[in-house]
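Visitor: Have a look at the structure that comes next, please.
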Amino acid sequence: MDPRKFFVDQDIIRAQGLPKALFLDPEFHLRTQEIFKISWQFIPPPETDLRTFPELLAARGSWAPSRDRKLIITRDSYGTLHCFYNTCSHAGFPAVLFSGCGTHFECPQHGRKYKLTGEFASHTGLEEKMTANEKKSAGLYELNLGLWNQFFFVNASTAPPKLWDFIKDMHNVIGLLALNRFRRSGEIKEMERVPGSPFLHILNYLDELHITYIHGRSLAKAVDMKSYRTEIYPWSVLQWVFAENPQYGFDPQLLPERFRDAAKRVFALWWFIFPNMAFNFYPWGLSVNMWLPTDRNPETTIFYRHHYIWDNDKYAGRNEFWADSAVNEEDLAAIQETTRSIKNPSFLRQNKFLPDKEQAPHWFHRRLYELLFEERKTVIPR
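For the sequence shown, numbering that gives the first Met the number 0 assigns the number 0 to the initial residue and increments by one for each residue that follows.
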């Protein structure tokens, strides 16, 4: 690929977006997978258990699979946390299907046992036929595990960046919110396969301009669009706005001084963490979104959405006052339309950015360009 054809100028006045190959081309899709592999990813908690990972793993000798069962997190007998691919080394079945506690866990297909450190423990009928090296290599593959409050993150890189470099700006703003008291809701669909490239979903999330049009009858009516602000950080973006009705805003004492106003109240704090996570803080609690690519189809996204409740009464009004369901449905419909439309040969790439409305989309296009086409060792901090 010729980098010149994908160039995104760092000056928003001169810049154009990445070509539509980002959203449609299978070859380009495979190239972008490397970005997800070297980045921190939110670990969705188990589907059938609403406890948090810290609760599931409170005891030594405990384990819990992720929502999609691709990962398993353990706490060994010394209290150390580990994260592994949840794939048995014998025949590829998930090593665990449910949370549990004990001195070891056993693959439910053929009975291979593992220690909580991921090491091979035993396998009746095979163990005596295995060499020492075979037993050593029969353990589970360990990944990098990161923690922030009650949330767990995974990184598959051999030289992972510091999770703190990605979340510190968010942490410094919402530090007064008691995140460890937020309780997971079981009222919404937490994982679904949706049309459109993950990058279309992400750019839509980062786009202030579409709110007036796509969400004109929902979100735009609930907020004071004139107060909309976008703050760009090295590895995150904050977008926030005041509520049209202060009754549906944050208690100003819970936020830093710069968010306080004598008459107005902050409606929401929308934090995007590069490359594909969103932490959306509302007076009712938190919505964690994540957009993941499918293996080969650039036009499909696995969409995770988890709600964590802080105030039950306000959560009951999340659709009426914060337009939660309406915004989600409107976004999905808009992205489906865009996916169809950009296939027309007349569209090549986004033509210019509005400097005062599209700072965040430009930032994202530029970050992707740097990672994919510029050989910079310091692009992702380590």
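Note that the Cβ used here is the ideal one computed from N, Cα and C, for glycine as well. All figures in this text were calculated on a predicted structure; none of them were measured in a lab.
(1) Using the Cβ count rule (16 or more neighbours within 10 Å means buried), how would you classify Gly78?
(2) From the DSSP output, in three-state form, read off Met224 for me.
(3) What residue ranges within the segment 145–221 form continuous alpha helix (DSSP H) runs of no fewer than 4 residues, ordered along the chain?
(4) Would you tell me roughly how many angstroms separate the C-alpha atoms of Arg216 and Gly248, rounded to the nearest one?
(5) By alpha-carbon positions, which one of Thr300, Phe273, Val240 and Val95 ends up nearest to Gly110?
(6) Going straight from the alpha carbon of Leu208 to that of Phe198, what length do you get?
(7) Give the straight-line distance between the Cα atoms of Arg74 and Val193, rounded to the nearest whole angstrom.
(8) At a cut of 8 Å, does the segment 175–184 reach the segment 301–311 through at least three beta carbon pairs?
(9) Does the Cβ-Cβ distance between Pro344 and His28 come in under 8 Å?
(10) Distance, Cα to Cα, Leu205 vs Tyr140?
(11) Following the continuous alpha helix (DSSP H) through Tyr368, name the residue where it begins and the one where it ends.
(12) Could you compute how far the alpha carbon of Leu162 sits from the alpha carbon of Ala63?
(13) What residue from Gly99, Ser38, Asn85 and Ala277 has the CA that sits closest to Ala58's CA?
(14) Is there contact between the segment 342–356 and the segment 2–21, where contact requires at least three CB pairs shorter than 8 Å?
(15) Trp239 bridges to which residues according to DSSP?
(16) Kindly indicate which three-state DSSP category Trp283 falls into: helix, strand or coil?
(17) Ignore the nearest five residues each way along the sequence and tell me which others in Ser324's own chain have a CB closer than 6 Å to its CB.
(18) Suppose you measure from the CA of Leu353 to the CA of Pro2; what does that come to, to the nearest Å?
(19) Are the Cβ atoms of Thr31 and Leu371 separated by less than 8 Å?
Guide: On the basis of the supplied data:
(1) Residue numbering aside, residue 78 sits at position 79 when the sequence shown is read from its first letter. Counting Cβ neighbours within 10 Å, Gly78 comes out exposed, since fewer than 16 surround it.
(2) Taking the sequence shown and counting its residues from 1, one reaches residue 224 at position 225. Note: Met224 maps to helix in three-state DSSP.
(3) 162–173, 197–205, 209–213 and 218–221
(4) In the sequence shown, residue 216 corresponds to position 217, counting from 1. In the sequence shown, residue 248 corresponds to position 249, counting from 1. Cα to Cα, the separation comes out at about 19 Å.
(5) Reading the sequence shown from its first residue, position 111 is the one you call residue 110. The shortest Cα separation from Gly110 among Thr300, Phe273, Val240 and Val95 belongs to Val95.
(6) In the sequence shown, the residue the question calls residue 208 occupies position 209. In the sequence shown, the residue the question calls residue 198 occupies position 199. Whole-angstrom Cα-Cα distance: 17 Å.
(7) The sequence position of residue 74 within the sequence shown is 75, counting from 1. The sequence position of residue 193 within the sequence shown is 194, counting from 1. In this structure, the CA atom of Arg74 is about 34 Å from the CA atom of Val193.
(8) yes
(9) Here residue 344 refers to the residue found at position 345 when the sequence shown is read from its first residue. Here residue 28 refers to the residue found at position 29 when the sequence shown is read from its first residue. The answer is no: Cβ separation not under 8 Å.
(10) Your numbering for residue 205 matches position 206 in the sequence shown. Your numbering for residue 140 matches position 141 in the sequence shown. About 35 Å.
(11) In the sequence shown, counting from the first residue as 1, residue 368 sits at position 369. It spans Gln358 to Phe372 - the alpha helix (DSSP H) in which Tyr368 sits, taken as one unbroken run.
(12) Here residue 162 corresponds to residue number 163 of the sequence shown, with the count starting at 1. Here residue 63 corresponds to residue number 64 of the sequence shown, with the count starting at 1. Spanning the two alpha carbons is a distance of roughly 22 Å.
(13) By one-based count along the sequence shown, residue 58 stands at place 59. Looking only at Gly99, Ser38, Asn85 and Ala277, the smallest Cα-Cα distance to Ala58 is reached by Gly99.
(14) yes
(15) Working through the sequence shown from its first residue, we reach residue 239 at position 240. Paired residue(s): Arg228 and Leu268.
(16) The residue you call residue 283 lines up with position 284 of the sequence shown. Looking at Trp283 - three-state DSSP - the assignment turns out to be coil, as it is neither helix nor strand.
(17) On the sequence shown, residue 324 is found 325 positions in, with the first residue counted as 1. Asn318, listed in sequence order.
(18) Mapped onto the sequence shown, residue 353 falls at position 354. Mapped onto the sequence shown, residue 2 falls at position 3. Near 24 Å, if we compare the C-alpha coordinates of Pro2 and Leu353.
(19) Along the sequence shown, read from residue 1 onward, the residue named residue 31 stands at position 32. Along the sequence shown, read from residue 1 onward, the residue named residue 371 stands at position 372. Note that the C-beta distance between Thr31 and Leu371 is below 8 Å.
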